[in-house]
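A quick write-up on the structure given underneath.
Protein chains: 4
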Amino acid sequence: DLPLTLIAGPCQLESLDHALMIAEAMAKACADAGAGYVFKASYDKANRTSLSGMRGLGIDEGLRVMDEVRAEIGCPTLTDVHSPEHCAAVAQAVDVMQIPAFLCRQTDLLVAAGETGAVVNIKKGQFLAPWDMPNVISKVESTGNENILLTERGASFGYNALVADFRSLPTMAKTGYPVIMDATHSVQQPGGQGGSTGGQREFAPVMARAAVSLGVAGVFIETHEDPDRAPSDGPNMIPLDQMPALIKSLMQFDALAKADPCRI
Amino acid sequence: DLPLTLIAGPCQLESLDHALMIAEAMAKACADAGAGYVFKASYDKANRTSLSGMRGLGIDEGLRVMDEVRAEIGCPTLTDVHSPEHCAAVAQAVDVMQIPAFLCRQTDLLVAAGETGAVVNIKKGQFLAPWDMPNVISKVESTGNENILLTERGASFGYNALVADFRSLPTMAKTGYPVIMDATHSVQQPGGQGGSTGGQREFAPVMARAAVSLGVAGVFIETHEDPDRAPSDGPNMIPLDQMPALIKSLMQFDALAKADPCRI
Amino acid sequence: DLPLTLIAGPCQLESLDHALMIAEAMAKACADAGAGYVFKASYDKANRTSLSGMRGLGIDEGLRVMDEVRAEIGCPTLTDVHSPEHCAAVAQAVDVMQIPAFLCRQTDLLVAAGETGAVVNIKKGQFLAPWDMPNVISKVESTGNENILLTERGASFGYNALVADFRSLPTMAKTGYPVIMDATHSVQQPGGQGGSTGGQREFAPVMARAAVSLGVAGVFIETHEDPDRAPSDGPNMIPLDQMPALIKSLMQFDALAKADPCRI
Amino acid sequence: DLPLTLIAGPCQLESLDHALMIAEAMAKACADAGAGYVFKASYDKANRTSLSGMRGLGIDEGLRVMDEVRAEIGCPTLTDVHSPEHCAAVAQAVDVMQIPAFLCRQTDLLVAAGETGAVVNIKKGQFLAPWDMPNVISKVESTGNENILLTERGASFGYNALVADFRSLPTMAKTGYPVIMDATHSVQQPGGQGGSTGGQREFAPVMARAAVSLGVAGVFIETHEDPDRAPSDGPNMIPLDQMPALIKSLMQFDALAKADPCRI
Numbered sequence: 015d016l017p018l019t020l021i022a023g024p025c026q027l028e029s030l031d032h033a034l035m036i037a038e039a040m041a042k043a044c045a046d047a048g049a050g051y052v053f054k055a056s057y058d059k060a061n062r063t064s065l066s067g068m069r070g071l072g073i074d075e076g077l078r079v080m081d082e083v084r085a086e087i088g089c090p091t092l093t094d095v096h097s098p099e100h101c102a103a104v105a106q107a108v109d110v111m112q113i114p115a116f117l118c119r120q121t122d123l124l125v126a127a128g129e130t131g132a133v134v135n136i137k138k139g140q141f142l143a144p145w146d147m148p149n150v151i152s153k154v155e156s157t158g159n160e161n162i163l164l165t166e167r168g169a170s171f172g173y174n175a176l177v178a179d180f181r182s183l184p185t186m187a188k189t190g191y192p193v194i195m196d197a198t199h200s201v202q203q204p205g206g207q208g209g210s211t212g213g214q215r216e217f218a219p220v221m222a223r224a225a226v227s228l229g230v231a232g233v234f235i236e237t238h239e240d241p242d243r244a245p246s247d248g249p250n251m252i253p254l255d256q257m258p259a260l261i262k263s264l265m266q267f268d269a270l271a272k273a274d275p276c277r278i
Numbered sequence: 015d016l017p018l019t020l021i022a023g024p025c026q027l028e029s030l031d032h033a034l035m036i037a038e039a040m041a042k043a044c045a046d047a048g049a050g051y052v053f054k055a056s057y058d059k060a061n062r063t064s065l066s067g068m069r070g071l072g073i074d075e076g077l078r079v080m081d082e083v084r085a086e087i088g089c090p091t092l093t094d095v096h097s098p099e100h101c102a103a104v105a106q107a108v109d110v111m112q113i114p115a116f117l118c119r120q121t122d123l124l125v126a127a128g129e130t131g132a133v134v135n136i137k138k139g140q141f142l143a144p145w146d147m148p149n150v151i152s153k154v155e156s157t158g159n160e161n162i163l164l165t166e167r168g169a170s171f172g173y174n175a176l177v178a179d180f181r182s183l184p185t186m187a188k189t190g191y192p193v194i195m196d197a198t199h200s201v202q203q204p205g206g207q208g209g210s211t212g213g214q215r216e217f218a219p220v221m222a223r224a225a226v227s228l229g230v231a232g233v234f235i236e237t238h239e240d241p242d243r244a245p246s247d248g249p250n251m252i253p254l255d256q257m258p259a260l261i262k263s264l265m266q267f268d269a270l271a272k273a274d275p276c277r278i
Numbered sequence: 015d016l017p018l019t020l021i022a023g024p025c026q027l028e029s030l031d032h033a034l035m036i037a038e039a040m041a042k043a044c045a046d047a048g049a050g051y052v053f054k055a056s057y058d059k060a061n062r063t064s065l066s067g068m069r070g071l072g073i074d075e076g077l078r079v080m081d082e083v084r085a086e087i088g089c090p091t092l093t094d095v096h097s098p099e100h101c102a103a104v105a106q107a108v109d110v111m112q113i114p115a116f117l118c119r120q121t122d123l124l125v126a127a128g129e130t131g132a133v134v135n136i137k138k139g140q141f142l143a144p145w146d147m148p149n150v151i152s153k154v155e156s157t158g159n160e161n162i163l164l165t166e167r168g169a170s171f172g173y174n175a176l177v178a179d180f181r182s183l184p185t186m187a188k189t190g191y192p193v194i195m196d197a198t199h200s201v202q203q204p205g206g207q208g209g210s211t212g213g214q215r216e217f218a219p220v221m222a223r224a225a226v227s228l229g230v231a232g233v234f235i236e237t238h239e240d241p242d243r244a245p246s247d248g249p250n251m252i253p254l255d256q257m258p259a260l261i262k263s264l265m266q267f268d269a270l271a272k273a274d275p276c277r278i
Numbered sequence: 015d016l017p018l019t020l021i022a023g024p025c026q027l028e029s030l031d032h033a034l035m036i037a038e039a040m041a042k043a044c045a046d047a048g049a050g051y052v053f054k055a056s057y058d059k060a061n062r063t064s065l066s067g068m069r070g071l072g073i074d075e076g077l078r079v080m081d082e083v084r085a086e087i088g089c090p091t092l093t094d095v096h097s098p099e100h101c102a103a104v105a106q107a108v109d110v111m112q113i114p115a116f117l118c119r120q121t122d123l124l125v126a127a128g129e130t131g132a133v134v135n136i137k138k139g140q141f142l143a144p145w146d147m148p149n150v151i152s153k154v155e156s157t158g159n160e161n162i163l164l165t166e167r168g169a170s171f172g173y174n175a176l177v178a179d180f181r182s183l184p185t186m187a188k189t190g191y192p193v194i195m196d197a198t199h200s201v202q203q204p205g206g207q208g209g210s211t212g213g214q215r216e217f218a219p220v221m222a223r224a225a226v227s228l229g230v231a232g233v234f235i236e237t238h239e240d241p242d243r244a245p246s247d248g249p250n251m252i253p254l255d256q257m258p259a260l261i262k263s264l265m266q267f268d269a270l271a272k273a274d275p276c277r278i
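Chains as they are written, first to last, in my numbering: chain W, 15 to 278; chain Z, 15 to 278; chain C, 15 to 278; chain H, 15 to 278.
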């Protein structure tokens, strides 16, 4: 199959300049390593742990920025949608619409996203078994849209903890759709810091490498030039300046995995 | 404190006659036993396991039925809301708006529900620790609305399984808000039947009794005159004709628990 | 059925005087409340979190103390066994031999315990489903011994955490053997304090009451006159002077539950 | 570091001829691929799901076979021990003594194994957090023995299920001891077949590859010429004739991982 694609960016949009800076750095790092690249950022963090968490630029300004990134950097883009009403506008501005994990069973959202014809990346809920994804997929397929990606982002494991079950990757791959490993959110510690969500940044490259060795189509990683000052998900982000080395390393495992597919 | 309240009804609305039949039977059973009663039904099942699952009457017809039940039977009513846009209309037709567990971190929905001034019943997400509920609560409180109920409905426990953690009840009670035990959904087996969700009906009275003995404000139970033919959640519903005996039994434990509160 | 029995004592034996003091206080509290009583203590803590944890009096001195408690106080006694070789000696000194949860699948231990003819209390492993207990039971039954008790003490729930699944109680009761709720160990936080195991003492009465309301045969509670100075399991023990009120409260729920059995 | 070692064999000993056949085939496959090899088999399955499960050759005959395999094939050997009393004899007959996961906190067993001076392979309990292994390790180290291996074999994940948490591998590696991935038992479904334990054989190579890509010292795999007729753990064993290709594939990932270590 195709070489690995990185879906990467700064969790939430901060400004046009910031988005361009990250997209440019990531696009170059991916091109240098022979990887595909999709810029990821959120215009609205609709389910922050607490009300005081920053939510981002909002839909109007946010979609303008996404559109501009695509135009200037020339890379496809991804953002997440939280309501059926937003889907049409979002589909104008980005290439991939992402269904958040908590919302992966909301029928109206899946159908509205599917109807735009855009690529739909469904994050498997923390509460969902991988073998239950076909029920979710068929809600999108019901619109005639088969441009679907499936993402593993960890399963609930007691309170304030997730575990990434790597059986999930080949299980979801049996649907025939490309599978993405979210190396950032699978090492979250939900609510683990009281008013915000903690994380274990050091394990994100571990998750990414293990997934790539199994032959995933893509890896989702959030990155920031200064993660400890990022407005959300900082504790599990990878510093931007470490990304080129990480991507190069992952591409070696990707080449091996794509030449020797792991089948179940 | 006050005697136990039952929140009970047929999962999804089937017709006005059906809703009235159940509400009347339940209101009588509760009155006979000295329990409070709130009629519960959904106008739209927005996150069915699969697309082919029946979704109910829809918002217009559904809210008319809810309004009619309240008028005819004289009991307060509860339904669940799935989008911020629906909150205002729903608040006209029912007394309690319920936030579904999967949506318990969706800030806009919590704020919109709070702004109506109606009572808001928040179901704790299957992925959420009980001590993280204050973050959720504060989203509703931010609107000035402090008419809040908190419901335990089980936590993810591996795949296709939930476990009801009874530490959750006194933990959530420390917020000062009334705590409800959802005896029906905490014995769900999510996705456990392939295209639909299974359940363990026999354990619902077990969950209810254990919770009542700990002094909860209310118990949430779905009931149907013929659970195996109910359009959703049949496998974990209690047959309607068994409810009077169950309520009478629960009221004995309730009297004991309210006289001898269980504090942590 | 019969009124509730308390299985209670100081986790590990400290001295004869200490054991007698606790047994006497507990026997009186149980008699006053109409409850049965079994003195519990360990002569050897064979699986402490760390090597430096105190292990107790050892088998020779320990069994002498157990024998003396039984003679002086006149109550049945329980201790746990860790190797098949110890079973015969232990059976001379106590009435009930307890199989530790970690060891509940060790065939030789179960058979050796069964062969003594003593009552065997099997703690369900943290890793075992309640419906898998019949396989464990049959190992004891193979010796012709059907004096068996089954104890719930929590199931693994992520790392460093347990959850008490109350479906386990009626599920195990279907075997026909008496079921005990271990209110102390089900609120452990295994390894949660680094070199020792933490606990949530405040939840032990919650676990006990919920279980009693479901009609269990007995409750297992560890107690100490000064839990914070107990050599093991202090964080989840109930202070001895709080036991009389707790037992009285539990007996009220027990009377109700035994008059109105909860069946599945 | 050193190239990957395979710890592999037939779960339980069936006969000398059978053991030699497997050891010879595996030793050749490993030598051909440049991998290290340790023959693994059990002389006694002391914790079978049910009493009627076959337990193997027993200690006397079993150790004779292990000794003979070592002499004839010239490879190191591993077996598991279940009681402190067996340790001295076992240490005469094999090179590596394995502590079963259920017994990983049994102090006397760890100390007795350590005192033999043999290599001790500790399987992390299904109920234990990886960061709690130092407490376990120090029990062996207390004997002066620092020939220790640490093995991941899955963590409890609800009932009848395990999940392999790959964060466990680098976490345990921080102790400085070699880490082994048990690709066979981490895909068990404990008790999942009623009277025996099920498994998901198809995922064992997935677990092995992901672990090797993270740079583990070894992989533990059970194999049999006819897994469906093996006396234990058949459902998760790899057929013997598939092992050479699997090992060759793993060695490619091993070379990459050892050249580019994954650190946390």
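For each residue, glycine too, the CB sits at the ideal point set by N, CA and C.
- The contact set of LEU270 of chain W on chain H, defined by CB atoms closer than 8 Å, consists of GLN266, PHE267 and LEU270 in chain order.
- Nearest to LEU30 of chain Z by C-alpha distance, out of Z:LEU16, Z:GLY190, Z:GLU75 and Z:VAL150, is Z:GLU75.
- With a threshold of 8 Å between beta carbons, VAL220 of chain H makes contact with chain W.
- For ALA169 of chain H, the nearest beta carbon of chain Z is not closer than 8 Å to its own beta carbon.
- Below the 7 Å Cβ cutoff, chain H contributes no neighbours of PHE180 of chain C, its closest Cβ being approximately 14 Å away.
- Secondary structure at ALA60 of chain Z: coil, using DSSP grouped into helix, strand and coil.
- In the DSSP assignment, the residues bridged to ILE194 of chain H are H:THR165 and H:GLY232.
- Taking 3 residues as the shortest admissible run, the region 221–273 of chain W contains the following complete beta strand (DSSP E) segments, listed from N- to C-terminal end: 232–238.
- Unbroken beta strand (DSSP E) runs of no fewer than 3 residues, entirely contained in the region 47–130 of chain C, are found at 50–54, 91–94 and 110–113, following chain order.
- Using a Cβ-Cβ cut-off of 7 Å, GLY172 of chain Z is close to PHE171, GLY172, TYR173 and ALA175 of chain H, given in chain order.
- For GLU129 of chain Z, there are no C-beta contacts with chain C under 7 Å, since the nearest C-beta of that chain is about 35 Å from it.
- In this structure, MET195 of chain W sits near PHE234 of chain W, with a CB-CB distance shorter than 8 Å.
- DSSP places LYS153 of chain W inside the alpha helix (DSSP H), whose first and last residues are 147–155.
- Closest in alpha carbon position to PRO241 of chain Z, among Z:ASN159, Z:ARG78 and Z:CYS25, is Z:CYS25.
- Between the C-alpha atoms of ARG119 of chain C and ASN61 of chain H there is a straight-line separation of about 5 Å.
- Of all residues in the region 63–76 of chain W, those with a C-beta nearer than 8 Å to a C-beta of chain Z are THR63, SER64, LEU65 and ARG69, reading in chain order.
- Chain order gives the chain C residues near ASP146 of chain H as GLY205, where near means a beta carbon separation below 7 Å.
- For the set H:ALA225, H:GLY168 and H:HIS199, the Cα lying nearest the Cα of PRO192 of chain H is the one of H:ALA225.
- Its Cα nearest to that of LEU18 of chain W, the residue W:ALA222 stands out among W:GLN256, W:HIS238, W:ALA222 and W:SER246.
- Per DSSP, reduced to three states, the secondary structure at SER210 of chain Z is coil, with no helix or strand assignment.
- By the beta-carbon neighbour count (other beta carbons within 10 angstroms, threshold 16), ALA45 of chain H is exposed.
- For TRP145 of chain C, the closest C-alpha among the options H:PRO204, H:ILE113 and H:GLN112 is that of H:PRO204.
- For ALA47 of chain C, the CB contacts under 7 Å within the same chain, skipping 5 residues up- and downstream, are ILE261, LYS262 and MET265 in chain order.
- If you compare the alpha carbons of Z:ARG181, Z:MET68, Z:LYS59 and Z:GLU38 with that of GLU86 of chain Z, the shortest gap goes to Z:GLU38.
- Contact annotation: the region 147–155 of chain C does not touch the region 90–97 of chain H, with fewer than three C-beta pairs closer than 8 Å.
- The way I'd put it, the region 153–160 of chain Z doesn't touch the region 171–189 of chain Z; fewer than three beta-carbon pairs between them come closer than 8 Å.
- At a cut-off of 8 Å between C-beta atoms, ALA49 of chain Z does not count as an interface residue with respect to chain C.
- Among the residues of chain Z, none has a CB under 9 Å from the CB of ILE252 of chain C; the nearest is roughly 13 Å distant.
- Look at LEU183 of chain W here: in three-state DSSP terms it is helix.
- Exposure of ALA259 of chain C is indicated by the presence of fewer than 16 other C-beta atoms within 10 angstroms of its C-beta.
- ALA22 of chain Z sits close to LYS54 of chain Z, with the two beta carbons spaced by under 8 Å.
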